[in-house]
DNA sequence: CGCTCGATTGACCCGAATCAAAAATTGTGG
DNA sequence: CCACAATTTTTGATTCGGGTCAATCGAGCG
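Chains as they are written, first to last, in our numbering: chain A, 1 to 253; chain B, 1001 to 1253.
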């Protein structure tokens, strides 16, 4: 199965060096906001570093904030840890999606960001970005929208947690992932879940056992076919129905 | 009981005309961000209109977005309505708090904002604000922080919904309101809940009956004293404990 | 003063958590 | 490459928090 999770080899090195202009993800990452000239300028401030290996951190809570990040390949999760030490997964990030804006308010990150598999990111220093804003008002608008969209999607999750059953939550997550794959031009019907059942349960406010049971239930209903982390959607409209038409976000921060 | 919810009379007219400089809420509304000169400039773009009566809307979902609002007096709630028609309360807004930033991403509001009691607001046109940003970088930073803080507080709510019991949720809400009163220099121990039990339940993902039961339970435990909408906190530390040390946000959007 | 709507209380039920154990994967070292 | 250990996932049995349904009880108000 072809994947855009580049292993750490020559291919990935090439991927690191690619510019925004040539990046297949740029329509997701920077929708409409900038013209060709501006793109070059934006490109010039972006840092591309070596890929993260599975389990490595992109940043940690309390790290000083100075950049936001765009996922180039692989998957990351973010999670917060409360005083009493319990973790709350706050998001999953797929290629083309942005993370790290949690740090703006405190000037420190409040979440941990960890690679769920080998992953490459683009780093966008925030101070440089702010300077660009002055020159490129559309970019600034775009960034506001990004923050605002993040709020939107949090509120979708709130709705999910506040009103939906276990089955609806899981169906919504699967729909979301399917949808995000589509955006990248991939099939909406087959994908690999990089995150563990535990992560899913934590994110959706469910016990691991429940997650597992719902997967098998959806499979028995002929809606999906699960094999470990591999998921095949057999009946997309039924899945959509089961999620009660919930579109669980195009992830951002 | 003295209150800053101005009725529609001469007093409220005075309140409308007051400038940011003289507003007792300005330390909450605009923390640190601006100096005296800048304050005058900011003041000049703010529109103050007649107070809303109970049940009146400040804005509605799908309204074009052009302003954000600061609450001067009274309480508002925001809520979203999903395709299938169900409502989700997304926040309660007390004096000094900002709302309306939900509209930035779509250029339309996605929430309804309704007065829970007579309420006065300051309107801040966003296009004018953006122009000020260019002149006042600190104000811009401040605004980013506002958005980011909104995300933070949504994530606290997510944690609450995802991991906490009914009792912990309600205790957290009461702690939050108490805390927000304190910020305005009021007593943390006594306040009036402007919202209905229904609103509380909807916000916290609980049935009305559960809200009611938890209130009586907390009362039986000697932690609070409830009389309809009036709440007296008898044991703040016990309440804090019951909320599992959850600080449910300083509201913003 | 009666009516309506919100709040409370009780009885019952159900979905999902918890506890327990087996099964499947993944990783590790010889 | 295989055997063993550790982790993750699945399945089953049981429990329990909170939802639902129904009835009663106010409080505001026309």
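Ideal placement from N, C-alpha and C gives every residue a C-beta, glycine not left out.
Local Cβ density within 10 Å of residue i, reported as buried at 16 or more and exposed below that
i	result
residue 11 (chain A)	Confidence in residue 11 (chain A) is poor, its pLDDT being 43 and thus under 50, which makes the residue's placement unreliable; the coordinate value appears in the next sentence. Answer is exposed; the Cβ neighbour count stays below 16.
residue 1071 (chain B)	buried
residue 1006 (chain B)	Only weak support is given to the placement of residue 1006 (chain B): the predicted model assigns it a pLDDT of 40, under 50, and the value that follows is read from those uncertain coordinates. Buried, because 16 or more other Cβ atoms sit within 10 Å of the Cβ of residue 1006 (chain B).
residue 25 (chain A)	buried
residue 303 (chain A)	Residue 303 (chain A) falls outside the range modelled here, since chain A spans only 1 to 253, and no answer is possible.
residue 1044 (chain B)	exposed
residue 84 (chain A)	exposed
residue 86 (chain A)	exposed
residue 62 (chain A)	exposed
residue 253 (chain A)	Annotation note: pLDDT 44 at residue 253 (chain A) (below 50); position unreliable, no value reported.
residue 1022 (chain B)	exposed
residue 173 (chain A)	buried
residue 1187 (chain B)	exposed
residue 73 (chain A)	buried
residue 1237 (chain B)	exposed
residue 127 (chain A)	exposed
residue 1037 (chain B)	exposed
residue 1198 (chain B)	exposed
residue 97 (chain A)	buried
residue 159 (chain A)	buried
residue 1204 (chain B)	buried
residue 230 (chain A)	exposed
residue 13 (chain A)	Note that residue 13 (chain A) scores a pLDDT of 44, beneath 50, so its modelled location is shaky; the value from the coordinates is reported in the next line. Under this definition residue 13 (chain A) is an exposed residue.
residue 1202 (chain B)	buried
residue 60 (chain A)	exposed
residue 9 (chain A)	In this prediction, residue 9 (chain A) scores a pLDDT of 41, lower than 50, which makes its location untrustworthy; no coordinate-derived value is stated.
residue 121 (chain A)	buried
Segment limits, alpha helix (DSSP H) that includes residue i
i	result
residue 275 (chain A)	Since the first residue shown for chain A is 1 and the last is 253, residue 275 (chain A) is missing from the structure and cannot be characterised.
residue 114 (chain A)	Not the alpha helix (DSSP H): residue 114 (chain A) falls in the beta strand (DSSP E), residues 112-115.
residue 1029 (chain B)	1026-1029
residue 217 (chain A)	208-220
residue 201 (chain A)	197-204
residue 192 (chain A)	From DSSP, residue 192 (chain A) is part of no alpha helix (DSSP H) but of the beta strand (DSSP E) over 190-192.
residue 1043 (chain B)	1036-1045
residue 236 (chain A)	236-242
Neighbour list for residue i in chain A, Cβ cutoff strictly below 9 Å
i	result
residue 1198 (chain B)	Per Cβ cutoff of 9 Å: no residues; residue 1198 (chain B) is ~14 Å from chain A at best.
Closer than 7 Å at the beta carbon, the chain B residues around residue i
i	result
residue 169 (chain A)	In chain order: nothing, as chain B lies at least about 10 Å away.
residue 35 (chain A)	Chain B residues near residue 35 (chain A): none, gap ~20 Å exceeds 7 Å.
residue 110 (chain A)	1152
Delimiting residues of the beta strand (DSSP E) encompassing residue i
i	result
residue 1225 (chain B)	1224-1227
Under 9 Å by beta carbon: chain B residues contacting residue i
i	result
residue 102 (chain A)	1148, 1151, 1152, 1155
residue 88 (chain A)	1155, 1158, 1159, 1162, 1163
residue 105 (chain A)	1144, 1145, 1146, 1147, 1148, 1149, 1150, 1151, 1152
Neighbour list for residue i in chain B, Cβ cutoff strictly below 8 Å
i	result
residue 38 (chain A)	Near residue 38 (chain A) there are no residues of chain B at all, since even the closest Cβ is about 17 Å away, more than 8 Å.
residue 205 (chain A)	1161, 1162, 1163
residue 134 (chain A)	1134
Amino acids of chain A, ordered along the chain, whose beta-carbon sits closer than 8 Å to that of residue i
i	result
residue 1080 (chain B)	155, 159
Minimum length 3: unbroken beta strand (DSSP E) runs contained in the segment 50-104 of chain A: 57-59, 67-73, 76-81, 87-93
Any 3 or more C-beta pairs closer than 8 Å across the segment 35-55 of chain A and the segment 83-102 of chain A: no
Touch test, the segment 72-80 of chain A against the segment 110-123 of chain A, Cβ-Cβ under 8 Å, three pairs minimum: yes
Within the segment 114-145 of chain A, ranges of the alpha helix (DSSP H) (whole runs, at least 4 residues): 126-135
Meets three-Cβ-pair contact criterion under 8 Å: the segment 1179-1198 of chain B and the segment 1140-1159 of chain B: no
Cβ contact check for the segment 153-171 of chain A and the segment 99-111 of chain A: 3 or more pairs under 8 Å: no
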